[in-house]
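One structure is given here, and the rest of the page talks about it.
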Amino acid sequence: MKLSVIGTGYVGLVSGTCFAEMGNDVICVDNDKRKIDKLLKGEIPIWEPGLEEMVQRNVEQERLSFTTDIKDAVEKTNICFIAVGTPPGEDGSADLQYVLAVARDIGTYMNGYKVIINKSTVPVGTADLVKEEVQKILNERNVNYKFDVVSNPEFLKEGDAINDCLKPDRVVVGTDSPKCAEILKELYAPFARSHEKLIIMSVRSAEMTKYAANAMLATKISFMNDVANLCELMGADISEVRHGIGSDSRIGYKFIYPGVGYGGSCFPKDVKALIKMAKKVNSETRVLQAVEDVNDYQKTVLIKKVKKHFGDDLAGLTFAVWGLAFKPKTDDMREATSITVINGLIEAGAKIQAYDPVAMDEANRMFGDNTEIQYTHGNYDALKGADALLLITEWNQFRYPDFAKVKNLLNNPIIFDGRNQYNPKEMKELGFVYYGIGRQG
């Protein structure tokens, strides 16, 4: 099939590359000329395991191309994916200006029947708006090309997006058109050869499914963090509780790890957007509001623990921070807990020595020229002369460090473990003062 993917951000670039990998001819479009120029040189703007090699392979085999020319892309393809950003507005609702702008562009350059697919995360009812925008342009052009608008939300995890795309748990397609359903079945057939993974539903149900999925996962995280904080006060250990409830097949072990809150480009944005959607129809989402409130609080927990140990005034103290990205296997720092923690410590007078395997450049961009933050070449370098270690992102290389070396490099053998990576009993035996989340030190 001949596809255009409009928007070469995280979703668009990964999806477009994976479609090309399955033998389709894919044109990726973006109005950011600098980004396209980099892609044409083989430079990937995001860090995602396996993506660079896959892009290179498909470009070399002439199945994947990049351009700023949306006219050429629309004219040459019969399936047009909309994969532009929907950033949260000031009120938390999704900003659809980029989605609707692409819809108008497609309407402007359509030269025959097109399947227009919303891949962006969009509020319920967006497909109707896209349809209206396209039809308005066609009317102005005085042409009568047929088209269908489909909702096909993505379910990609940063750090494992290639695998999620090539081997999806499910493919949700929202369409009322049998013709469209058959086209999408054919498109996704190579991704679901072992068993049927395509779920056909109404357009609005598909749009809601994406938000509901992310909101449910965020809810599990906030629930466990709420229980963890209670465990800490009641003398229980959240790690033991997690095993106790995770063994129940109705609950399972996924997304019940306590920590210092969720971040990234999806959960925070989608929870806010779903709350806003409900308000627009005079409905309350009391659970989701609590999910967001708990997460906002959880991002401050390490700061509170540090101040409880050292006092409110942290002037003259230096803290080592391991992990800056919002999760492992990505350089994404959008809504990352590290931002809240580092800013909170600096506001209290502290200095920071930070390390992350891949997010250092992004952190430097995020924090700017903040002289209170020093970025180190390795995780052990961050410990030199620091008064305590804060672990924020659970990268594999932080799981089994040389604790004798850690203890020797720190001014004080103190660890604030925001992801419960270490065993409190072992830490105590090694001579560390240890603070976890929902655990008894």
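For this note's numbering, add 571 to where a residue sits in the sequence shown, where the first one is 1.
We put the beta carbon where it would ideally sit given N, CA and C, even for glycine.
{"Query": "Should N982 be labelled buried (16 or more other beta-carbon atoms within 10 Å of its own) or exposed?", "Result": "exposed"}
{"Query": "When the Cα atoms are used, what is the spatial distance from C837 to A784?", "Result": "11 Å"}
{"Query": "Go to M772, then tell me how far its beta strand (DSSP E) extends in each direction, as first and last residue.", "Result": "769-772"}
{"Query": "What number of angstroms, rounded off, separates the C-alpha of S722 from the C-alpha of A799?", "Result": "37 Å"}
{"Query": "Given a threshold of 16 other Cβ atoms within 10 Å of its Cβ, counted over all protein chains shown, does R560 qualify as buried or as exposed?", "Result": "Not covered by the structure: residue 560. The range shown for the chain is 572 to 1012."}
{"Query": "For R675 and K738, what's the separation of their Cα atoms in angstroms?", "Result": "33 Å"}
{"Query": "Apart from the five residues just before and just after Y581, which ones in its own chain have a Cβ nearer than 6 Å to its Cβ?", "Result": "I617"}
{"Query": "Indicate whether V645 and Y669 have their beta-carbon atoms separated by less than 8 Å.", "Result": "no"}
{"Query": "Under a Cβ-count criterion, where at least 16 other Cβ atoms within 10 Å of its own Cβ denotes burial, should I770 be classed as buried or exposed?", "Result": "exposed"}
{"Query": "Are the CB atoms of F977 and L961 nearer to each other than 8 Å?", "Result": "Correcting the residue identity first, residue 977 is Val in this sequence and not Phe. No; because the gap between Cβ atoms is not below 8 Å, this pair is not in contact."}
{"Query": "Grab me the residues of F652's own chain with a C-beta within less than 6 Å of its C-beta, minus the 5 sequence neighbours each way, in chain order.", "Result": "V576, I688, K690"}
{"Query": "DSSP three-state label for G1009, please.", "Result": "coil"}
{"Query": "Within the continuous beta strand (DSSP E) that includes Y946, where are the two ends?", "Result": "944-946"}
{"Query": "Please classify D973 as buried or exposed, where buried requires at least 16 neighbouring CB atoms within 10 angstroms.", "Result": "exposed"}
{"Query": "Report yes if the C-beta distance between K685 and N649 is below 8 Å; otherwise report no.", "Result": "yes"}
{"Query": "Can you give me the Cβ contacts of A907 inside the same chain, cut-off strictly under 6 Å, excluding the 5 residues immediately before and after it?", "Result": "G834, F897"}
{"Query": "Which term fits L804, buried or exposed, when burial requires 16 or more other beta carbons within 10 angstroms of its beta carbon?", "Result": "exposed"}
{"Query": "Please report the straight-line C-alpha distance between G613 and Q632, rounded to a whole angstrom.", "Result": "14 Å"}
{"Query": "Which word fits R990, buried or exposed, when buried means at least 16 other C-beta atoms lie within 10 angstroms of its C-beta?", "Result": "buried"}
{"Query": "Does the pairing of the segment 914-921 with the segment 844-851 give three or more beta-carbon distances under 8 Å?", "Result": "no"}
{"Query": "Under the rule that 16 or more other beta-carbon atoms within 10 Å means buried, what is Y782, buried or exposed?", "Result": "buried"}
{"Query": "Please go through the same chain and pick out, in chain order, the residues whose beta-carbon is closer than 7 Å to the beta-carbon of Y759, but skip the five residues on each side of it.", "Result": "V742, L769"}
{"Query": "Taking only runs that begin and end inside the segment 694-750, name each unbroken beta strand (DSSP E) of 3 or more residues, in chain order.", "Result": "718-722, 742-745"}
{"Query": "Below 7 Å CB to CB, which residues in the same chain sit around V693 once its five sequence neighbours on both sides are set aside?", "Result": "T657, A665, L667, V670, E778"}
{"Query": "What separation, rounded to the nearest whole angstrom, lies between the Cα atoms of Y824 and V812?", "Result": "11 Å"}
{"Query": "Is DSSP giving L916 helix, strand or coil here?", "Result": "helix"}
{"Query": "Which residue's Cα is closest to the Cα of L885: V858, I923, E997?", "Result": "I923"}
{"Query": "Cβ atoms of A934 and F890: under 8 Å apart, would you say?", "Result": "no"}
{"Query": "Going by other Cβ atoms of all chains shown within 10 Å of its Cβ, with 16 needed for buried, is M787 buried or exposed?", "Result": "exposed"}
{"Query": "Taking its Cβ as the centre, do 16 or more other Cβ atoms sit within 10 Å of L574, making it buried, or is it exposed?", "Result": "buried"}
{"Query": "Classify T964 as helix, strand or coil using the three-state DSSP reduction.", "Result": "coil"}
{"Query": "What number of angstroms, rounded off, separates the C-alpha of D608 from the C-alpha of G817?", "Result": "48 Å"}
{"Query": "Along the chain, where does the beta strand (DSSP E) that runs through Q554 open and close?", "Result": "With the chain covering 572 to 1012 only, the question about residue 554 has no answer from this structure."}
{"Query": "If you reduce the DSSP assignment to three classes, tell me which class P616 lands in.", "Result": "coil"}
{"Query": "Return yes when the Cβ of P659 is within less than 8 Å of the Cβ of K900, no when it is not.", "Result": "no"}
{"Query": "Using the rule of at least 16 other Cβ atoms within 10 Å of the residue's Cβ for burial, across every protein chain shown, is L801 buried or exposed?", "Result": "exposed"}
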